[in-house]
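Below: the structure, in structure tokens.
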Amino acid sequence: MEGSKPEHYDVVVVGSGNAGFSAASAAKEHNHSLRVLVLEKAPSSWAGGNSTFTAGAYRTVFKGLEDVLPIVHNVTPDLAKRIDMTPYTEQDFMDDLQRVTGGRTDPHLANELVNQSNDTTKWLARNGIKFRLSFERQAYEIEGRFKFWGGMVLNVVDGGKGLTLQHQTNAVKRGIEVRYESPVVGLIRSDVDEVLGVTVRSSSGSTYPILATGGVILCAGGFEANASMRAANLGPGWDKAYVRGTPHNTGEMLKMAIDAGAKAVGNWSGCHSTCWDANAPTDAGDQQLTNQFTKSGYPLGLMINTDGDRFVDEGLDMRNYTYAKFGRAILQQPNGLAFQVWDATGTGWLRKEEYAPDVVERISADSIQDLAKNLTARGLSRPETFVRTIEEYNQAVSAHRQENPSVIFDPSKKDGLSTRSSKGGLELDKTNWALPLTKAPFLAVKVTCGVTFTFGGVKADPKTAAVVSEYNEQAIPGLFVAGEMLGGLFYDNYPGGSGLTSGAVFGRKAGRAAAERASEKKTSAKL
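Each residue of the sequence shown is one higher than the last, beginning at 920 in my numbering.
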């Protein structure tokens, strides 16, 4: 269909994930008469991009339980009386974002993300996204009360799969057209570098143009599923990381945007990488198990590499602030592998969603020595070192407890149970939740590095999500960005749940700005 007559829409969104659907919904909400098109290169069976593979968690500012109860679907009045939930303020969110990124987050983007988070989640709820309180992931039941921790309390009913389905349902309701198996292969630009539309490749291999009156919104993900781009940008060995989500986020739109003059910004050598089941598929996530391959129970136990050594402080911080960077630490170990280990006490706190026998290979034994023998068949090269590591850890835990008998284990906060005492400690201490590994049976699972999304992207105006030009630091007319393609927010790490929130906050901004631009152009054309 090359040379065919262009199709005309008011707003064109590239990518069918949370950011893309948020942008499309915002455009339609601004002016329901606008023609809004979502283009997705993947088939409909892979709709949602990486959003489908998430747990559907959103980090948002909230004043307390009473602020989130109106939008959740799983709390009865009786249950509400048993919930302890500390407010999560704008300052809390900003402090977490600054802390985990080493102070490098773009302050203007961060300010918009934080200050718009509460209103945006409530806007999503009005657009058909069904939230719930995340009891399983973000609360521990202690003495009959549910104690929420880590500043994040919301996720979506049915997780990432539910999120995608609910976005699709809302798109149909609003009259948004979604076209799958329609990869964008080019941006159509004017002589003055205004983006006028896109060129799309059909299933037959021919291409055709689509013009967008208000603009094109790029929400097509990062380059996490592109092994060569990972190795080139993240560094040697990253081509061997496991892909957690869609295999279709391969970076073409990032290249296209930069070739069109977009300014590349952010942490191009950084990514969200987590502890991942070593028996999972390597090049794409499992569409049924999705996020269940995540292995986030390490704060309650130990992580030991195939040489038998620990390599991270498992109790450094709440899981929400370490899981996105510990995958990198695993990838740097021999063979890019490690074992997570618990005794019977720690095992009792593990989430069934991630550690049930039908989800992960559970390697167990009645002694640490026998566990080490069982792990040699799974890659442990130095079983004697493995045993010694745990014995030295247990001795350090015992010494700390003898000197600090009043310190009580509490997984809902940084409890201070550690391996440090007046006798010294370990070369690498565990600083919280240092439970001894002494009670049989003992359990281990084998983990590797799973890459979720990349942090490098393009610069955008914080207020409108308009893409900023490399050449003049001005907005490129007709081009907007949201989701993983937005650069500058995250460096080396991110606060759990802030990725989906960012996609919705800036997707909403982009959709509204593109719709306003389309409406203004239409009005001018009538004059």
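Note that beta-carbon positions come from the ideal geometry of N, C-alpha and C, so glycine has one too. Every value quoted in this text rests on a predicted model; they were computed, and no experiment measured them.
Sort out for me which residues DSSP pairs H1027 with in a bridge.
Looking at the DSSP assignment, H1027 forms no beta bridge with any residue, so it has no partner.
Spatial neighbours of S1109 within its chain, please: CB distance less than 7 Å, with the 5 preceding and 5 following residues excluded, ordered by chain position.
Cβ neighbours of S1109 beyond the five flanking positions: L1115.
What residues are listed by DSSP as bridge partners for N1074?
For N1074, which the question treats as bridged, DSSP gives the partners A976, R1051.
Can you tell me the Cα-Cα spacing of S1325 and L1336, whole angstroms?
Distance between the alpha carbons of S1325 and L1336 is about 10 Å.
Could you check the C-alpha separation between M1071 and A976 for me, to the nearest Å?
Those two C-alpha atoms are separated by around 8 Å.
Count Cβ pairs between the region 1126 to 1141 and the region 1161 to 1181 that sit closer than 8 Å; are there 3 or more?
Touching, per the Cβ criterion.
For the beta strand (DSSP E) containing R1001, list its first residue and its last residue.
From DSSP, R1001 is part of no beta strand (DSSP E); its letter is neither H nor E.
Which residues does DSSP pair with R1149 in a beta bridge?
R1149 pairs with nothing; no bridge assigned.
If you reduce the DSSP assignment to three classes, tell me which class P1253 lands in.
In the structure shown, P1253 sits in a helix (DSSP, three-state: H, G or I).
Between T1264 and L1354, is the Cβ-Cβ spacing less than 8 Å?
Contact flag set, yes.
What number of angstroms, rounded off, separates the C-alpha of V1364 from the C-alpha of W1352?
Each residue's Cα considered, the two are about 19 Å apart.
Determine the direct distance from the alpha carbon of K1441 to that of G1369, and round the result to whole angstroms.
About 46 Å.
Measure the alpha-carbon distance for S1036 versus T1008 and round it to whole angstroms.
Rounded to whole angstroms, S1036 to T1008 spans 11 Å at the Cα level.
Hey, out of L1408, A1394, V1184, whose CA is closest to D1112's CA?
Nearest of L1408, A1394, V1184 to D1112, Cα basis: A1394.
Is it the case that the Cβ atoms of A1090 and A943 are separated by a distance below 8 Å?
Cβ atoms of A1090 and A943: closer than 8 Å.
Of all the options A1131, N969, E1096, F1054, which has the alpha carbon lying nearest to the alpha carbon of E1272?
With distances taken between Cα atoms, E1272 lies closest to F1054.
Is I1136 helix, strand or coil when you go by DSSP?
I1136: strand per DSSP, three-state reduction.
Quick check on DSSP: helix, strand or coil for S1300?
Residue state, collapsed to three classes: coil.
Here's the rule I'm using: 16 or more other beta-carbon atoms within 10 Å means buried, otherwise exposed. How should K1092 be labelled?
It counts as exposed.
Where does M920 sit, in a helix, a strand or coil, going by DSSP?
Any answer about M920 is weak, because its pLDDT of 42 lies below 50 and its placement is not dependable; what the coordinates show is given next. Note: M920 maps to coil in three-state DSSP.
D1226 to P1302, Cα distance in whole Å?
Distance between the alpha carbons of D1226 and P1302: 8 Å.
What residue range is occupied by the uninterrupted beta strand (DSSP E) comprising E926?
Unbroken beta strand (DSSP E) run through E926: 926 to 933.
Could you pull out every unbroken beta strand (DSSP E) segment of at least 3 residues lying fully inside the region 1274 to 1345, listed in chain order?
The region 1274 to 1345 contains these whole beta strand (DSSP E) runs: 1282 to 1284.
Is the CB-CB distance between G1416 and A1401 below 8 Å?
No, the pair does not count as a contact, with Cβ atoms beyond the cut-off.
Please name the residue, chosen from G1407, A1444, N1412, that lies closest to H1027 on a Cα-to-Cα basis.
Among G1407, A1444, N1412, the Cα nearest to that of H1027 belongs to G1407.
State the Cα-Cα distance for the pair T979 and W1042, rounded to the nearest angstrom.
So the two alpha carbons sit approximately 12 Å from each other.
Measuring straight from C-alpha to C-alpha, what distance separates M920 and T1165?
Because the pLDDT at M920 is just 42, under 50, the model does not fix this residue reliably, and the point stays unresolved.
I'd like to check one pair, A946 with A1384: are the Cβ atoms closer than 8 Å?
Result no, Cβ atoms of A1384 and A946 do not sit closer than 8 Å.
With a CB to CB cut of under 6 Å and the five nearest residues on each side skipped, what residues in its chain are close to H1086?
Hits under 6 Å: F940.
From E1322, T1213, S923, E959, pick the residue whose C-alpha is nearest to that of G936; which is it?
The candidate whose alpha carbon is nearest that of G936 is E959.
Taking one C-beta from the region 958 to 972 and one from the region 1151 to 1161 each time, how about it: are there three or more such pairs within less than 8 Å?
With a cut-off of 8 Å, the region 1151 to 1161 and the region 958 to 972 do not count as touching, because too few Cβ pairs lie within range.
With three or more C-beta pairs closer than 8 Å as the rule, is the region 988 to 996 touching the region 1129 to 1139?
Judged by Cβ distances under 8 Å, the region 1129 to 1139 makes no contact with the region 988 to 996, as fewer than three pairs qualify.
Identify, in the order they occur along the chain, each residue of the same chain with its Cβ nearer than 6 Å to the Cβ of I1327, setting aside the five sequence neighbours on each side.
Cβ neighbours of I1327 beyond the five flanking positions: none.
Give me, in chain order, the residues of the same chain whose beta-carbon lies closer than 8 Å to that of N1198; leave out the 5 immediate sequence neighbours on both sides.
Contacts found: V1279, E1280, K1365.
Would you kindly work out how many angstroms separate the C-alpha atoms of E1389 and A1181, rounded to a whole number?
If I take the Cα positions, the gap works out to 5 Å.
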